[in-house]
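Residue numbers (this note's numbering): 3 to 457.
All C-beta atoms, glycine included, are put in the ideal place defined by N, C-alpha and C.
Everything numeric in this text was worked out from a predicted model, so none of it was measured.
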Amino acid sequence: MDCAVSLRALAAVILMTWVGTAANAQAPAVTSFEGARLINGDASVIENSAFVVQGNRIVAVGRRGDVQAPPGAVRVDLAGKTVIPALIDAHSHIGYMHRLSSGPQNYTRENILDHMHKFAYFGVAASMAMGSDFGDTPFRLRDETRAGKHPQAARFLTAGRGLAPIDEIKPNNMRHSAHLVTTEDDARRAVADLAANGVEMVKTWVDTRGGTIKKLTPPLYEAIIGEAHKRKMRVVVHATGLVDVKALIRAKMDGFAHMVGDVDDELVELLKAAPDTFFMLALGGLRRQMHAPWIDPPHTLVSDSVWPDQIKRLRERLAKPAPFANQSWTRLSRGITRFAAAGVRVGVGTDGGGQQGDQFIGWTMHTELENMVAAGMSPAQVLVAATRMSADILKLEELGMIAPGKSADFVVLDANPLDDITHTRRITSVYLYGREIPRAAMRSKWQAEFAAAAK
Ligand SMILES: [Zn+2]
Numbered sequence: 003m004d005c006a007v008s009l010r011a012l013a014a015v016i017l018m019t020w021v022g023t024a025a026n027a028q029a030p031a032v033t034s035f036e037g038a039r040l041i042n043g044d045a046s047v048i049e050n051s052a053f054v055v056q057g058n059r060i061v062a063v064g065r066r067g068d069v070q071a072p073p074g075a076v077r078v079d080l081a082g083k084t085v086i087p088a089l090i091d092a093h094s095h096i097g098y099m100h101r102l103s104s105g106p107q108n109y110t111r112e113n114i115l116d117h118m119h120k121f122a123y124f125g126v127a128a129s130m131a132m133g134s135d136f137g138d139t140p141f142r143l144r145d146e147t148r149a150g151k152h153p154q155a156a157r158f159l160t161a162g163r164g165l166a167p168i169d170e171i172k173p174n175n176m177r178h179s180a181h182l183v184t185t186e187d188d189a190r191r192a193v194a195d196l197a198a199n200g201v202e203m204v205k206t207w208v209d210t211r212g213g214t215i216k217k218l219t220p221p222l223y224e225a226i227i228g229e230a231h232k233r234k235m236r237v238v239v240h241a242t243g244l245v246d247v248k249a250l251i252r253a254k255m256d257g258f259a260h261m262v263g264d265v266d267d268e269l270v271e272l273l274k275a276a277p278d279t280f281f282m283l284a285l286g287g288l289r290r291q292m293h294a295p296w297i298d299p300p301h302t303l304v305s306d307s308v309w310p311d312q313i314k315r316l317r318e319r320l321a322k323p324a325p326f327a328n329q330s331w332t333r334l335s336r337g338i339t340r341f342a343a344a345g346v347r348v349g350v351g352t353d354g355g356g357q358q359g360d361q362f363i364g365w366t367m368h369t370e371l372e373n374m375v376a377a378g379m380s381p382a383q384v385l386v387a388a389t390r391m392s393a394d395i396l397k398l399e400e401l402g403m404i405a406p407g408k409s410a411d412f413v414v415l416d417a418n419p420l421d422d423i424t425h426t427r428r429i430t431s432v433y434l435y436g437r438e439i440p441r442a443a444m445r446s447k448w449q450a451e452f453a454a455a456a457k
């Protein structure tokens, strides 16, 4: 009899446990994050804040004491910390880089996902691959990451194949995948192909690459822009020459993948008349030639996540003098200061994974933020650029702000980036889709890979 009673008791315990688990699975967990300084994507600051996350969504934000967490909510004490929305990279080239090699041979689902996990480690919630993708893989990964199927990876966004004249297309570089555009019909067909794959942002190039190639002509880029706008798509161009940039703004180009080399009064006037036009600065290539104290010795976040041979190569490259870097930087930063004063829409682009292999994935987001401050923007302006503005540029409505209804994607820092923008590197934890990213486990995995390869 005793045995029957205890069996019944055991069954009851099992049943209760099972019911409890089922109830937990139905009601999403509620967590209240309390006490942090919250720097939001619109530059507003709440000292001693509280925000409530239910499942993967933010449901309430305010001052601690004003925000009521529901009974049973888990409380996370963030006193002394600073919280910012997760960062957003509007310009990258994902999947090409692997250790010292860069090219389409590395472009696999696995390598793309590795890059997106590295972005997440660095507090980046989304990155937009700008015209170097090919095949079906990017569209599948875009849809999977947007649906939250890779909760520890940044969202992968894609412009699909870029549109380029034949001179831009080389067999072994990032533009090998481009749609060849030599007639207006080509332009329209290529845009239609992208539209069929759900691409919302088209990438093209208008650049002579230092006088070595013929650039895309105005009738061709006008055809690209016309067809894209007819389909409610936007076009982003790689163009840095002042004359080209002005012509492209007049042709209703939506955005620029880089900063323009020079800024004059006429350009500022054109931009005031076309206030939706945006720029992704991507200053790293130039700035790291002048300022990269984080490479020697490597910053912990760099040695955590970058292959040692890549670090060594960049250190060697940076040891060589860069003759015109200072002049170019002075010119560029003068333009950025003018843009900031005129309220031009500026987002952040890392160019991560680009051809040189020096834009370390994830890390470069943090050096870009420092570069933008060095160029004359305030830390507050730079944080807006990296969060709400980049989300707006990419039309990622769920990101960029810590506000009710948004996805719970944020970074906890142990120092205030308004005091020093390099404090964005002092990451305590990263949350994507309402869950903490297992940064220690990611770091261990990468360290094991690096160690195994060194044997
Ligand atoms: Zn690029």
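Residue i classed as buried or exposed, judged by whether at least 16 other C-beta atoms fall within 10 angstroms
| i | result |
| --- | --- |
| L250 | buried |
| A453 | exposed |
| S134 | buried |
| S46 | exposed |
| N174 | exposed |
| V245 | exposed |
| V208 | buried |
| V237 | buried |
| A442 | exposed |
| I168 | exposed |
| T184 | exposed |
| S446 | exposed |
| N328 | exposed |
| F53 | buried |
| K83 | buried |
| T366 | buried |
| A456 | exposed |
| T23 | Annotation note: pLDDT 39 at T23 (below 50); position unreliable, coordinate value reported separately. The residue is exposed, with fewer than 16 neighbouring Cβ atoms inside 10 Å. |
| A450 | exposed |
| D267 | exposed |
| V55 | buried |
| T332 | exposed |
| E399 | exposed |
Residues bridged to residue i (per DSSP)
| i | result |
| --- | --- |
| S94 | A131, G354 |
| F341 | DSSP lists no partner for F341. |
| A301 | In the sequence on display, residue 301 carries His and not Ala. Bridge partners of H301: none, in fact. |
| L434 | R437 |
| I429 | L415 |
| D79 | E36 |
| P525 | The shown model of the chain, from 3 to 457, leaves out residue 525, and the question about it has no answer. |
| I60 | V55 |
Residue nearest to residue i in terms of C-alpha spacing, selected from the options
| i | options | result |
| --- | --- | --- |
| V375 | K408, V350, A31 | V350 |
| G67 | A189, V183, I48, A382 | I48 |
| L196 | E186, T160, L285 | T160 |
| V265 | G355, D256, F281 | F281 |
| A276 | G345, A405, D188 | G345 |
| A31 | K457, S446, Y435, P440 | Y435 |
| H119 | A453, M444, Q449, F452 | M444 |
| L401 | D79, Q70, P73, A127 | A127 |
| D187 | L165, K172, V201, G105 | L165 |
| V204 | T210, M176, R233 | R233 |
| H260 | F326, S94, F121, L316 | S94 |
| I363 | R317, T242, V308 | V308 |
| L102 | G354, L316, P406 | L316 |
| H152 | S179, D44, E112, A189 | E112 |
| H100 | E372, V384, Q312, S409 | Q312 |
| L371 | T210, R39, R65, R427 | R427 |
| W130 | D394, M403, N50 | Note that residue 130 corresponds to Met in the displayed sequence, not to Trp. Nearest C-alpha to M130: D394. |
| Q357 | A88, I96, P299, G57 | I96 |
| T210 | H240, E318, L420 | H240 |
| F136 | T33, R163, V78 | R163 |
| A321 | R333, A343, H293, S305 | H293 |
| D256 | G286, E271, G243, Y223 | Y223 |
| A189 | E229, R157, K172, R177 | E229 |
| G213 | L40, R191, E170 | E170 |
Heavy atom of ligand 3 within 7 Å of residue i beta-carbon
| i | result |
| --- | --- |
| E170 | Among the ligands in the structure shown, ligand 3 does not appear; only ligand 1 can be found there. |
Any C-beta of chain C under 8 Å from that of residue i
| i | result |
| --- | --- |
| V432 | Reference to chain C is not applicable here, since this structure consists of a single protein chain. |
What residues does ligand 1 have around it, judged by CB closer than 7 Å to any heavy atom, in chain order? H93, H95, M132, H240, A259, A284, D353, G356
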